[in-house]
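K.L.:
If you scroll down you'll find the structure; I have some questions about it.
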Amino acid sequence: GPKVLQIPSHQIIDMGQMVTLNCDPVSNHLYFYWYKQILGQQMEFLVNFYNGKVMEKSKLFKDQFSVERPDGSYFTLKIQPTALEDSAVYFCASSLQDSDYTFGSGTRLLVI
Amino acid sequence: GDSVTQTEGQVTVSESKSLIINCTYSTTSIAYPNLFWYVRYPGEGLQLLLKVITAGQKGSSRGFEATYNKETTSFHLQKASVQESDSAVYYCALGDRDYGNEKITFGAGTKLTIKP
Chain A
1 GPKVLQIPSH
11 QIIDMGQMVT
21 LNCDPVSNHL
31 YFYWYKQILG
41 QQMEFLVNFY
51 NGKVMEKSKL
61 FKDQFSVERP
71 DGSYFTLKIQ
81 PTALEDSAVY
91 FCASSLQDSD
101 YTFGSGTRLL
111 VI
Chain B
1001 GDSVTQTEGQ
1011 VTVSESKSLI
1021 INCTYSTTSI
1031 AYPNLFWYVR
1041 YPGEGLQLLL
1051 KVITAGQKGS
1061 SRGFEATYNK
1071 ETTSFHLQKA
1081 SVQESDSAVY
1091 YCALGDRDYG
1101 NEKITFGAGT
1111 KLTIKP
């Protein structure tokens, strides 16, 4: 079936630097999401995005986080500056209005 | 807020034996949430295994079943006879909306290992 691709699959970055996680959603999907999973913990909702806007964000979505999807390209999650506690696997997902999510395989981010 | 609690950690079952992974939920955002089981096979992304949106209904897929029980707020995953290919991590989850923009709350995941 259609897939959500996440690039890169792994990223190591120095604390304080900026990182951008890229997500290529299913082509006709309209809703986009980021989830975060710290090692050994649950996947948790970060943010959802529709029609160029953030619709809802959780308390995990710190001021250092931002999302965008310029001109229908990648849906990105940017963290600037990164902190040690941002180390986690970040999952992107997309959906239509009445469809189920399609998840990507995740980007494993390590902040050192 | 919403929360999902499932059988914790790791479960090991012998091939052809039965399986149950427990899941209970609580929600303050919606009276009758959508309930899901997701699965992650080794090296793959998260996939929807089954979904039930109506209380009292049963969902099934690949030999797995789960019944939406609103009285006990449970959604246990069962399979009568497991296979080695069922080895994966299983996540119980609930969704808070009917249409689009659904926010999903996940359980912690249960790693299932099938012994040949």
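These protein sequence lines map, in sequence, to chains A and B. 1 is the number of the first residue of the first sequence in the numbering used here; add one for each residue after it. 1001 is the number of the first residue of the second sequence in the numbering used here; add one for each residue after it. Note that CB positions come from ideal geometry on N, CA and C, so glycine has one too. Owing to the predicted nature of the structure, the values given are computational and were not obtained by experimental measurement.
When we look at the beta-carbon of Gln6 of chain A and count the other beta-carbons within 10 Å, is it buried (16 or more) or exposed?
P.N.:
Label assigned to Gln6 of chain A: buried.
K.L.:
What does Gly1045 of chain B touch in chain A if you count any residue whose Cβ is under 9 angstroms from its own?
P.N.:
By Cβ distance, chain A contributes Lys3, Val4, Gln6, Phe91, Thr102, Phe103, Gly104, Ser105 and Gly106.
K.L.:
Between the alpha carbons of Val89 of chain A and Ser1060 of chain B, how many angstroms are there, rounded?
P.N.:
Approximately 29 angstroms between the Cα atoms of the pair.
K.L.:
For Phe45 of chain A, which residues in chain B fall below 9 angstroms Cβ to Cβ?
P.N.:
Those within 9 angstroms of Phe45 of chain A in chain B are Lys1103, Ile1104, Thr1105 and Phe1106.
K.L.:
Give me the residue from A:Gly16, A:Thr20 and A:Pro2 with the minimum Cα distance to Tyr74 of chain A.
P.N.:
Out of A:Gly16, A:Thr20 and A:Pro2, A:Thr20 has the C-alpha closest to the C-alpha of Tyr74 of chain A.
K.L.:
Can you pull the chain A residues whose beta carbon is under 7 angstroms from the beta carbon of Lys1111 of chain B, in chain order?
P.N.:
Here the premise fails: no neighbours, minimum Cβ distance about 11 angstroms.
K.L.:
Taking Leu60 of chain A as part of the beta strand (DSSP E), name the residues at either end of that continuous run.
P.N.:
Segment: none, Leu60 of chain A is in no beta strand (DSSP E) and carries neither H nor E.
K.L.:
Contact criterion: CB-CB distance below 8 angstroms. Does Glu56 of chain A meet it with respect to chain B?
P.N.:
Yes, its Cβ sits closer than 8 angstroms to a Cβ of chain B.
K.L.:
Below 9 angstroms between beta carbons is the criterion; list the residues of the stretch 22-45 of chain A that meet it against any residue of chain B, in chain order.
P.N.:
Answer in chain order: Leu30, Tyr31, Tyr33, Tyr35, Gln37, Gly40, Gln41, Gln42, Met43, Glu44 and Phe45.
K.L.:
Can you confirm whether Leu1048 of chain B, when its beta carbon is compared against all beta carbons of chain A, has any partner nearer than 8 angstroms?
P.N.:
Interface residue, yes.
K.L.:
Roughly how many angstroms separate the alpha carbons of Leu84 of chain A and Met43 of chain A, rounded to a whole number?
P.N.:
Between Leu84 of chain A and Met43 of chain A, the C-alpha separation is close to 18 angstroms.
K.L.:
Enumerate in chain order the residues of its own chain whose CB-to-CB distance from Val1013 of chain B is below 8 angstroms, with the five nearest sequence positions on each side excluded.
P.N.:
Closer than 8 angstroms at the Cβ level, and outside the excluded window around Val1013 of chain B, lie Leu1019, Val1082, Leu1112, Thr1113, Ile1114 and Lys1115.
K.L.:
In its own chain, which residues sit with a C-beta less than 6 angstroms from the C-beta of Val1052 of chain B, not counting the 5 before and 5 after it?
P.N.:
Correct list, in chain order: Leu1035, Gly1059 and Tyr1068.
K.L.:
Output the distance between the C-alpha atoms of Asn51 of chain A and Lys1017 of chain B, rounded to the nearest integer angstrom.
P.N.:
Taking the straight line joining both Cα atoms gives about 48 angstroms.
K.L.:
Do you know whose CA, among B:Val1089, B:Arg1097, B:Gly1095 and B:Gly1107, lies nearest Leu1046 of chain B's CA?
P.N.:
When only C-alpha atoms are compared, the closest one is B:Val1089.
K.L.:
Compare the C-alpha of Ser1087 of chain B against each of B:Ala1080, B:Ala1055, B:Pro1042 and B:Gly1009 and name the closest.
P.N.:
Cα-wise, what sits closest to Ser1087 of chain B is B:Pro1042.
K.L.:
Let me know the secondary structure DSSP gives Asp86 of chain A once reduced to three states.
P.N.:
In the structure shown, Asp86 of chain A sits in a helix (DSSP, three-state: H, G or I).
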